[in-house]
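Participant: Mind having a look at this structure? Questions to follow.
2 protein chains.
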Amino acid sequence: MDTGPKIAQVAALIGDPARANMLSALMDGRTLTASELAYVSGVAPQTASGHLAKLSDAGLLALAKRGRRRYFRLASPHVARVLEGLMVVAQDGPARQRNLWRGGETLRHARTCYDHMAGRIAVAIADRLVQQSFILLDEDGGQLTDAGRSFFNELGVDLGLASKRRVFCRPCLDWSERRPHLAGAVGAAILDHALEHDWVEHVRDSRALVVTPVGVRELATTFGIEGVPPTDGHDGRVGSLSGGRVSAITVESAPPGRR
Amino acid sequence: MDTGPKIAQVAALIGDPARANMLSALMDGRTLTASELAYVSGVAPQTASGHLAKLSDAGLLALAKRGRRRYFRLASPHVARVLEGLMVVAQDGPARQRNLWRGGETLRHARTCYDHMAGRIAVAIADRLVQQSFILLDEDGGQLTDAGRSFFNELGVDLGLASKRRVFCRPCLDWSERRPHLAGAVGAAILDHALEHDWVEHVRDSRALVVTPVGVRELATTFGIEGVPPTDGHDGRVGSLSGGRVSAITVESAPPGRR
DNA sequence: GAAACACTACGGTCTTGACCGAAGTATCCG
DNA sequence: CGGATACTTCGGTCAAGACCGTAGTGTTTC
Numbered sequence: 001m002d003t004g005p006k007i008a009q010v011a012a013l014i015g016d017p018a019r020a021n022m023l024s025a026l027m028d029g030r031t032l033t034a035s036e037l038a039y040v041s042g043v044a045p046q047t048a049s050g051h052l053a054k055l056s057d058a059g060l061l062a063l064a065k066r067g068r069r070r071y072f073r074l075a076s077p078h079v080a081r082v083l084e085g086l087m088v089v090a091q092d093g094p095a096r097q098r099n100l101w102r103g104g105e106t107l108r109h110a111r112t113c114y115d116h117m118a119g120r121i122a123v124a125i126a127d128r129l130v131q132q133s134f135i136l137l138d139e140d141g142g143q144l145t146d147a148g149r150s151f152f153n154e155l156g157v158d159l160g161l162a163s164k165r166r167v168f169c170r171p172c173l174d175w176s177e178r179r180p181h182l183a184g185a186v187g188a189a190i191l192d193h194a195l196e197h198d199w200v201e202h203v204r205d206s207r208a209l210v211v212t213p214v215g216v217r218e219l220a221t222t223f224g225i226e227g228v229p230p231t232d233g234h235d236g237r238v239g240s241l242s243g244g245r246v247s248a249i250t251v252e253s254a255p256p257g258r259r
Numbered sequence: 260m261d262t263g264p265k266i267a268q269v270a271a272l273i274g275d276p277a278r279a280n281m282l283s284a285l286m287d288g289r290t291l292t293a294s295e296l297a298y299v300s301g302v303a304p305q306t307a308s309g310h311l312a313k314l315s316d317a318g319l320l321a322l323a324k325r326g327r328r329r330y331f332r333l334a335s336p337h338v339a340r341v342l343e344g345l346m347v348v349a350q351d352g353p354a355r356q357r358n359l360w361r362g363g364e365t366l367r368h369a370r371t372c373y374d375h376m377a378g379r380i381a382v383a384i385a386d387r388l389v390q391q392s393f394i395l396l397d398e399d400g401g402q403l404t405d406a407g408r409s410f411f412n413e414l415g416v417d418l419g420l421a422s423k424r425r426v427f428c429r430p431c432l433d434w435s436e437r438r439p440h441l442a443g444a445v446g447a448a449i450l451d452h453a454l455e456h457d458w459v460e461h462v463r464d465s466r467a468l469v470v471t472p473v474g475v476r477e478l479a480t481t482f483g484i485e486g487v488p489p490t491d492g493h494d495g496r497v498g499s500l501s502g503g504r505v506s507a508i509t510v511e512s513a514p515p516g517r518r
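In structure tokens form, the structure reads like this:
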């Protein structure tokens with residue numbers, strides 16, 4: 001009857017560390033198997049199975065059975081939004097201890113966020129687009145200008161539904177940078193373009209992205225983004241994997257162990 | 260290090276029914292005292308005190324001490340967004356049982372949602388504005404057209420920062436109607452206007468709104484919204500309090516009792 | 001058909017934390 | 001000052017549920 005209990009049910013589901021890890025791992029839009037999710041969440045398969053059943057039943061995850069495996073993905077963008085929101089709140093939460101966690105440097109640099117890019121690079125791109133008046137952004141919405149539309153056109157970015165949907169730009173507060181990057185259809189189109197033209201590549205089993213040499217060049221010429229550093233402020237090398245501990249998953253020596 | 264545990268911490272906080280009730284009660288942007296929150300959450304003051312301390316420590320609630328009372332409110336719009344999002348997910352969650360809960364009819368009709376309006380009326384207003392091309396809406400963003408800007412101007416709605424911020428319109432999925440209504444600066448301005456001109460009034464101790472006779476007339480002439488029914492489909496009376504069980508709080512015969 | 005693999009169901013252990021009664025600290029009011 | 005009000009702290013009880021070992025079902029591979 002009241003709304004409280006209902007949101008509590010969903011929040012409690014997300015509120016378990018193992019389940020939260022599973023959901024986080026799916027934030028980049030991939031589909032993962034039950035085993036993979038068991039690994040990332042750090043629990044035994046039996047336990048993971050129970051968690052996954054609950055998440056599916058609640059409609060947070062969508063399930064596709066194929067052969068002897070079960071593939072899970074986030075059930076809807078709504079779920080991704082909630083997770084985004086939780087990250088933001090979790091980040092500025094205890095005000096005192098807003099620690100810029102070292103490590104995961106690669107993630108801070110560039111990563112996927114459901115269907116678009118996030119991280120330092122994504123924020124820089126958004127900044128640049130705003131600065132050039134290609135996009136208007138504010139906390140509650142975003143909007144592509146005519147100039148922006150032709151900019152993307154020339155660049156060859158496929159805005160897809162551009163003709164059908166006239167508004168499709170959304171700011172998404174970046175949890176590592178605490179500044180907005182681009183989400184929505186425009187954000188998704190940029191990520192697609194970047195992947196397709198080898199500006200960035202997925203890091204194996206992670207939602208981190210590395211910027212390729214091609215990407216470094218293109219980001220410089222296209223957006224005037226130079227030397228966004230991979231680790232600290234020194235040189236122009238971008239996205240070197242050695243820079244930071246990668247939270248990659250190697251499913252080999254995998255002792256689950258109690259959390 | 261990983262983001263999972265952090266979002267789990269926040270989600271777990273929201274995931275307790277008592278705390279979720281507290282947060283829900285604060286969704287309309289009011290500030291409430293610890294006692295009031297204890298009552299709405301259905302627990303004893305001692306228990307509530309503990310919950311409130313946790314929520315404040317985590318940065319979900321802001322606290323203002325005044326005399327011997329403590330006033331709590333949501334710490335930021337970010338928190339409100341997360342709660343909105345959870346309501347949406349909770350609503351379409353178990354797909355099978357998307358029950359249109361009878362009761363709380365007044366809430367379904369019109370209510371505040373943090374700083375803007377929600378419910379049937381709000382959805383109707385949004386529909387109308389879109390239909391007249393005063394606003395462009397889609398899932399990821401919203402945008403005021405020039406025509407819309409002058410419409411609000413003529414109407415005397417103060418868009419406030421209109422000159423400074425050029426984009427400030429956001430769709431917010433309505434958990435009772437499952438269709439978007441207007442949030443963001445535009446949504447807030449509409450609610451302000453409606454309250455100021457006595458179109459709607461707050462229901463005591465609830466986030467429900469009742470539409471006044473003035474409001475009925477104005478909604479009809481301004482937006483062409485007629486006979487959005489208060490309970491079922493029969494007459495044009497709008498917002499009669501008798502229609503639905505109001506989730507109002509009367510802090511008298513208040514046996515907390517175990518949940 | 002047998003073995004390996006992916007996942008699920010069941011049963012028992014153990015930790016977490018929600019809850020309230022009782023008692024303690026501020027604040028207001030007469 | 002003394003009593004009422006608003007809230008917090010402490011201590012002990014109790015239920016929920018996360019976890020894994022064991023044992024199952026269904027699927028693929030050889």
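So the protein lines, in turn, are chains A and B.
Okay, so the first sequence: first residue is 1 according to our numbering, each after it adds one.
Okay, so the second sequence: first residue is 260 according to our numbering, each after it adds one.
Built from N, CA and C at the ideal position, the CB exists for glycine as well.
Remember, predicted model here, so these are calculated numbers, not experimental data.
1) Would the segment 337–347 of chain B and the segment 110–123 of chain A be scored as touching if the rule is three or more Cβ pairs under 8 Å?
2) Could you tell me which uninterrupted beta strand (DSSP E) segments, each at least 3 residues in length, are contained entirely in the segment 113–181 of chain A, listed from first to last along the chain?
3) To the nearest angstrom, report how far apart B/Lys265 and A/Arg108 are at their CA atoms.
4) Looking only at C-alpha atoms, which of A/Gly4, A/Thr33 and A/Tyr39 sits nearest to A/Pro17?
5) Output the distance between the C-alpha atoms of A/Ala194 and B/Asp417, rounded to the nearest integer angstrom.
6) Check the Cβ of A/His78 against every Cβ in chain B and list those closer than 8 Å, keeping chain order.
7) Could you check whether the Cβ of A/Asp16 sits closer than 8 Å to any Cβ belonging to chain B?
8) Run through DSSP, which three-state label would A/Leu60 get?
9) Just to make sure I have the definition right: I need the residues of chain B whose C-beta is within less than 7 Å of the C-beta of A/Val10. Which are they?
10) Any C-beta of chain A within less than 9 Å: which residues of the segment 436–456 of chain B qualify?
11) Would you give the residue range spanned by the beta strand (DSSP E) that A/Val200 belongs to?
12) Opposite B/Gly443 in the DSSP bridges: which residues?
13) My guess is that A/Val203 and A/Val211 are in contact by the Cβ rule of under 8 Å, so how many angstroms apart are they, rounded?
14) Out of curiosity, what's the CA-to-CA distance linking B/Val302 and B/Ala312?
15) Between which two residues does the alpha helix (DSSP H) carrying A/Arg217 extend?
16) By the 7 Å beta-carbon criterion, what residues does the segment 379–404 of chain B contribute toward chain A?
17) So the candidates are A/Arg30, A/Gly148, A/Asn153 and A/Ala11; which of them puts its Cα closest to the Cα of B/Val348?
18) My assumption, with CB atoms under 8 Å, is that B/Phe482 sits in contact with B/Arg332. Please give the rounded CB distance.
19) Provide the residue(s) that pair with B/Tyr330 in DSSP beta bridges, ordered along the chain.
20) What does the alpha-carbon distance come out to for the pair A/Cys169 and B/Phe393?
21) Based on the DSSP secondary-structure assignment, which residues constitute the bridge partners of B/Leu468?
Facilitator: Inspection of the coordinates gives the following:
1) Because the criterion of three Cβ pairs below 8 Å is not met, the segment 337–347 of chain B and the segment 110–123 of chain A do not touch.
2) 116–118, 135–138, 141–144 and 170–173
3) 16 Å
4) A/Tyr39
5) 41 Å
6) Gly344, Val347, Val348, Asp351 and Leu432
7) yes
8) coil
9) Leu345, Val348, Ala349 and Gly352
10) Ala442, Gly443, Ala444, Val445 and Gly446
11) Val200 to His202
12) B/Cys428
13) In fact, because the Cβ distance is near 11 Å, the residues do not count as touching under 8 Å.
14) C-alpha separation (whole angstroms): 15 Å.
15) Pro213 to Phe223
16) Leu395, Leu396, Asp397, Asp399, Gly400, Gly401 and Gln402
17) Answer by Cα proximity: A/Ala11.
18) So it is not a contact: roughly 31 Å between Cβ atoms.
19) B/Thr292 and B/Ala323
20) 18 Å
21) Beta-bridge pairing links B/Leu468 to B/His461.
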